[in-house]
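The letter at position 275 of the sequence shown is residue 560 when you use our numbering, and the numbering goes up by one with no holes. Glycine included, each C-beta is placed from N, C-alpha and C at the ideal position. Note that this is a predicted model, so its numbers are computed, not measured.
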Amino acid sequence: MNKKFLRPEWQQLLEEERKDLLKQIGERYGMKLKKYAHFSRYGQELDTAVYLYQDSEFVFVPGDTVTLGYDYTAVKFDVQSKAALYEEVDSMEGLIDEEFFGDESEYEEEQLERYIQKAEAFGIGEQLRDNYLKVSFTPVRQAKIGPMLVERKVSDPFWKPVSLEDPLITEKFDKELKEFKKGSSRMHTYVGIIRFIREGNQESSIRAERCELISREELIKQLEDKNFSLLTEDEWEYLCGGGCRTLFPWGESFYNELMADKKGIKNLEKPNFFGLLIAYDSYQMEVLLDKGFKGGDGGVSCCGGYPAMACLTASPYFTPDFMLEEEEVDSFMEDYNFIRRVIRVTDYEE
């Protein structure tokens, strides 16, 4: 592999040389160069390009050798984050059997510290570490990541457009369609088979999609036929965290970033240092090439009433696989599994 396509060397290239290479990459892989772009966030940055392929945007991401994974025993949550997690563990385990939090903003740090001490006396710290954090993150390891063209947003591989006049709708979901037309919701799914989507205020703006679940092998084959692939777990963690050695790309804690500010989650819905929208929705689980999923827990934490636990899914190193039965690791859920297409740039010589 040409070392120019590795991140340390890539960032040292002269601007004109980098732009020339980006143009060549787009031409070689049949993508239209939309713009040259600079992305910067969480202390990392990249000069790259945004490409168009049909209706999707891609960016070029250089490769690197990085340390991935997270040592759960070394986590250093701030007081608010730790207290929020302790309260949720207690609600699950019933160790203290009393509610501490109402509106966390009402509590001073000293009060939170007293709660943490009490919780740890009941063994909640050990419960959090051994029963939750231990299984929630991938182990620390070294990885060599190659350069890639990466889809900026996830896409839904299982829902396909279908006419509102399709017999499936007219014969089985006609009542549901009429109810949807009378309502105002933007989308509704019926028994995981049909969903109706409203894209405007007129009845004519309503369209339908039908779910067609396939196996992981079939999905990979369909992508390969179009010269795409899925990400490996190593590649996904690199794209999400850039090799950060903290739990999150911004640091060790999450309360101030994601819970205290009601707009905090919206901050995740911005391009990261590679120009990607990634790990921003705890309901979304991205399908990996090798096995399992990344990027969310399918809404398990949020729907269960555990918002602090849901924040952990924003970590590059979070894995939802521990929640799944053996047969579920390779099976899909129509509303929660998404893909991010990638092309590995492997055909450049030294």
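#1: Can you tell me which residues form a DSSP beta bridge with Asn622?
#2: For my contact list, Arg471 and Ile478 are in at a C-beta cut-off of 8 Å; report their separation, rounded to the angstrom.
#3: Do Ile401 and Asp375 have their C-beta atoms within less than 8 Å of each other?
#4: By Cβ distance, which residues of its chain are closer than 8 Å to Gly589, with the 5 residues on each side in sequence left out?
#5: Return the chain-ordered ranges of every beta strand (DSSP E) run that is complete within the region 487-538 and spans a minimum of 3 residues.
#6: Three or more beta-carbon pairs under 8 Å between the region 482-499 and the region 594-603, yes or no?
#7: Quick one: what does DSSP say Tyr591 is sitting in, helix, strand or coil?
#8: Which ranges does the alpha helix (DSSP H) cover as unbroken runs of at least 4 residues, wholly within the region 331-411, from first to last along the chain?
#9: How about Tyr355 and Ser600: do their beta carbons lie closer than 8 Å?
#10: Does Gln329 come out as helix, strand or coil in the three-state DSSP assignment?
#11: Say yes only if the C-beta of Met570 is nearer than 7 Å to one or more non-hydrogen atoms of the ligand HEM, and no if none qualify.
#12: Rounded to whole angstroms, what's the CA-CA distance from Glu554 to Gly526? Just pull it up for me.
#13: Distance check for Leu353 and Lys361, CA to CA, integer angstroms please.
#14: Output the residue ranges of the alpha helix (DSSP H) runs that lie fully inside the region 404-458 and measure 4 residues or longer, sorted by chain position.
#15: Looking at Leu413: is its Cβ nearer than 8 Å to the Cβ of Tyr371?
#16: Can you give me the C-alpha to C-alpha distance between Lys304 and Ala322, rounded to a whole angstrom?
#17: Are the CB atoms of Tyr602 and Glu522 within a distance shorter than 8 Å?
#18: So if DSSP puts Val284 in a beta bridge, which residue, or which two residues, is it bridged to?
#19: For Thr333 and Thr604, which I take to be in contact (beta-carbon distance under 8 Å), what is that distance rounded to the nearest angstrom?
#20: From this set, Pro347, Leu524, Lys317, which residue's C-alpha is nearest Pro293's C-alpha?
#21: What residue range does the beta strand (DSSP E) around Arg480 cover?
#22: Mind checking which residues open and close the alpha helix (DSSP H) that includes Gln309?
#23: For the beta strand (DSSP E) that contains Thr474, what are its first and last residues?
#24: Using three-state DSSP, classify Ala599 as helix, strand or coil.
#25: Between Gly311 and the rest of its own chain, which residues show a CB-CB distance below 6 Å, the 5 nearest in sequence each way excluded?
#26: For Lys320, which residues of its own chain have a beta-carbon under 8 Å away from its beta-carbon, when the five flanking residues on both sides are left out?
#27: Could you tell me the distance, in whole angstroms, from the CA atom of Phe343 to the CA atom of Asn557?
#28: Using three-state DSSP, classify Glu635 as helix, strand or coil.
#29: Take Phe607 as the anchor and find which of Met316, Leu306, Phe578 has the nearest alpha-carbon.
#30: Can you say whether Leu299 is buried or exposed, counting buried as having 16 or more other CB atoms within 10 angstroms of its CB?
#31: How many Å lie between Phe290 and Gln507 at the Cα?
#32: For chain D, is any of its Cβ atoms less than 8 Å away from the one on Lys367?
#33: Could you tell me if His367 is buried or exposed, where buried requires 16 or more neighbouring beta carbons within 10 angstroms of its beta carbon?
#34: Along the alpha helix (DSSP H) that carries Glu542, what are the first and last residues, could you check?
#35: Could you give the DSSP three-state label for Lys649: helix, strand or coil?
Quick look at the numbers:
#1: Met570
#2: Incorrect: roughly 19 Å between the Cβ atoms, too far for contact.
#3: no
#4: none
#5: 491-496
#6: no
#7: coil
#8: 364-378, 394-406
#9: yes
#10: strand
#11: With respect to the ligand HEM, the structure offers nothing, as it holds no ligand at all.
#12: 15 Å
#13: 18 Å
#14: 409-412, 452-457
#15: yes
#16: 10 Å
#17: yes
#18: The first residue shown for the chain is 286 and the last is 635, placing residue 284 beyond what the model contains.
#19: That belief does not hold up - the Cβ atoms of Thr333 and Thr604 are roughly 27 Å apart, past 8 Å.
#20: Pro347
#21: 479-483
#22: 300-313
#23: 472-475
#24: helix
#25: Leu318, Tyr336
#26: Ala334, Val335
#27: 13 Å
#28: Confidence in Glu635 is poor, its pLDDT being 45 and thus under 50, which makes the residue's placement unreliable; the coordinate value appears in the next sentence. Here Glu635 sits in coil by DSSP.
#29: Phe578
#30: exposed
#31: 28 Å
#32: This model lacks chain D altogether, as it is built from one protein chain only.
#33: Per the sequence presented here, residue 367 reads as Lys, with His not at that position. With 16 or more other Cβ atoms within 10 Å, it is buried.
#34: From DSSP, Glu542 is part of no alpha helix (DSSP H); its letter is neither H nor E.
#35: Residue 649 is absent from the model: the chain starts at 286 and stops at 635.
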